[in-house]
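Novice: Mapping of the sequence shown onto the numbering used here: position 63 corresponds to residue 783, and the numbering continues sequentially without gaps.
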Amino acid sequence: MGESRSIGFFFLLLIFSTCFGDQTLDKITELPGQPKNVGFNQYSGYVTVNQQAGRALFYWLIESPVSRKPESRPLVLWLNGGPGCSSIAYGAAEEIGPFRIRPDGKTLYLNRYAWNNLANVLFLESPAGVGFSYTNTTSDLYTTGDKRTGHYVPQLSQLVYERNKGVQNPVINFKGFLVGNAIIDDYHDFIGTFEYWWTHVLISNSSYRSLRVACDLGSSTHPSLQCMNALRAAQIEQGNINPYSIFHSTLQR
Ligand SMILES: *[C@@H]1O[C@H](CO)[C@@H](O)[C@H](O)[C@H]1NC(C)=O
Ligand SMILES: *[C@@H]1O[C@H](CO)[C@@H](O)[C@H](O)[C@H]1NC(C)=O
């Protein structure tokens, strides 16, 4: 919970325009240590989003396999949360991307559950300052300190939806968004987290009750002493598990 909680979320768009002149310059022929003949195209590079601030965002676009007709598949924009989580280091490398990093730290292997099997996936490092995205003006960074995790995907979606209103053939043929493990508000986040722990038998009945009593309606940023104690007890009860993937061992090799 709180500061230590990293958030994965993403949203879904359909169709993106295909004719950019720089496309070939951004094409990745091969990553170091990657398997040969993967059968899909990938691109990456920087997009300057604010010339004056010198702000540029880094992207990595991974298309569906050529054999699966990427041109007729949807585009998924993936944004990790935080703010501060890198979409490349986390979303692409550990969650839904095509490559996994071997323990040697030098070679990659294919993730059979990669989302680009079904869609073109665009990983974007955002905001500036996260991962490979940067800004050349330090004052630019202060505008992004807000804790907005479960908020920027719905808000971006709403913006696209509003701008599309009344447009015959919008450039972004927006289909919907998905949010995973989002920070929405303290009340619902606490209830959801405790219910998840309890219904997955990670904590006992009595711990669940203690959490509900001690933390209900409270602030997750500044929890009460009772709430902190209940959280600590629940943490100990869960043991050494990966809270983001409870069915995996914590030492995956
Ligand atoms: C940021 O500054 C570097 C060094 O001067 C420059 O090469 C780069 O193009 C600048 N980035 C942007 C987005 O203006
Ligand atoms: C915990 O609560 C559930 C549902 O209320 C109940 O079925 C179960 O028997 C309880 N377990 C213990 C150990 O009290």
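Think of the CB as a built atom: it goes at the ideal place given N, C-alpha and C, for glycine as much as any other residue. Please read all numbers here as calculations on a predicted model, not as lab measurements.
Starting from S927, trace the alpha helix (DSSP H) in both directions and tell me its first and last residue.
Specialist: Here the alpha helix (DSSP H) through S927 covers N925 to C935.
Novice: Ligand 2 heavy atoms versus the CB of S927: any closer than 8 angstroms?
Specialist: No, the Cβ of S927 stays beyond 8 angstroms of every heavy atom of ligand 2.
Novice: At the level of alpha carbons, what is the spacing between G759 and N837?
Specialist: Rounded to the nearest angstrom, the two C-alpha atoms are 11 angstroms apart.
Novice: Pull every residue with its beta-carbon under 5 angstroms away from any heavy atom of ligand 1, and keep them in chain order.
Specialist: Residues with a Cβ closer than 5 angstroms to any heavy atom of ligand 1, in chain order: T768, G774, A776 and N856.
Novice: Which of the three DSSP states is assigned to Y916 in this structure?
Specialist: Y916: helix per DSSP, three-state reduction.
Novice: In angstroms, rounded to a whole number, what distance separates the CA positions of H968 and V891?
Specialist: H968 and V891: Cα-Cα distance of roughly 40 angstroms.
Novice: By Cβ distance, which residues of its chain are closer than 7 angstroms to V767, with the 5 residues on each side in sequence left out?
Specialist: Only A776, L777 and Y779 meet the Cβ criterion.
Novice: Sorry if obvious, but does the Cβ on S939 come closer than 8 angstroms to a heavy atom of ligand 2?
Specialist: The answer is no for S939.
Novice: Check whether the Cβ atoms of A834 and G817 sit closer than 9 angstroms, and answer yes or no.
Specialist: Yes; because the gap between Cβ atoms is below 9 angstroms, this pair is in contact.
Novice: Less than 8 angstroms separating the Cβ of S930 from some heavy atom of ligand 2?
Specialist: S930: no, Cβ never under 8 angstroms from ligand 2.
Novice: What do you reckon, are the CB atoms on I976 and E957 nearer than 9 angstroms?
Specialist: Missing from the structure shown is residue 976; the chain here goes from 721 to 973 and no further.
Novice: Given that a residue counts as buried once 16 or more other Cβ atoms are within 10 Å of its Cβ, and exposed if not, what is T855?
Specialist: Per the 10 Å Cβ criterion, buried.
Novice: Buried or exposed for A954, please, with buried defined as at least 16 other CB atoms from any protein chain shown within 10 angstroms of its CB.
Specialist: A954 is buried by the Cβ-count criterion.
Novice: First and last residue of the alpha helix (DSSP H) that includes Q955?
Specialist: Start and end: L945 to Q958.
Novice: Starting from P785, trace the beta strand (DSSP E) both ways and give me its first and last residue.
Specialist: Element bounds for P785: R775 to P785.
Novice: What does DSSP give as the partner residues of Y833 in its beta bridges?
Specialist: Its beta-bridge partners do not exist; DSSP assigns none.
Novice: Using 9 angstroms as the threshold, is the C-beta distance between G870 and A902 below it?
Specialist: Yes, Cβ-Cβ distance for G870 and A902 is below 9 angstroms.
Novice: Grouping DSSP H, G and I as helix and E and B as strand, with all else coil, what is V841?
Specialist: Strand at V841.
Novice: For the beta strand (DSSP E) containing I904, name the first residue and the last one.
Specialist: Premise fails: I904 is in no beta strand (DSSP E) and is neither H nor E.
Novice: Here's the rule: buried if 16 or more other CB atoms are within 10 angstroms of the residue's CB, otherwise exposed. What is T857?
Specialist: Per the 10 Å Cβ criterion, exposed.
Novice: When we look at the beta-carbon of E815 and count the other beta-carbons within 10 Å, is it buried (16 or more) or exposed?
Specialist: Label assigned to E815: buried.
Novice: Can you tell me whether R820 is helix, strand or coil according to DSSP?
Specialist: R820: strand per DSSP, three-state reduction.
Novice: Closer than 8 angstroms: is that where the CB of S792 sits relative to any heavy atom of ligand 2?
Specialist: No, Cβ of S792 sits at least 8 angstroms from all heavy atoms of ligand 2.
Novice: Run through DSSP, which three-state label would I966 get?
Specialist: Coil at I966, not helix or strand.
Novice: Taking the continuous beta strand (DSSP E) assigned at G765, which residues delimit it?
Specialist: Its beta strand (DSSP E) spans residues F760 to N770.
Novice: Suppose you measure from the CA of K867 to the CA of T941; what does that come to, to the nearest Å?
Specialist: Because the pLDDT of K867 is 49, which lies under 50, any placement of that residue in the model is unreliable, and the number read from its coordinates should be weighed accordingly. Approximately 11 angstroms between the Cα atoms of the pair.
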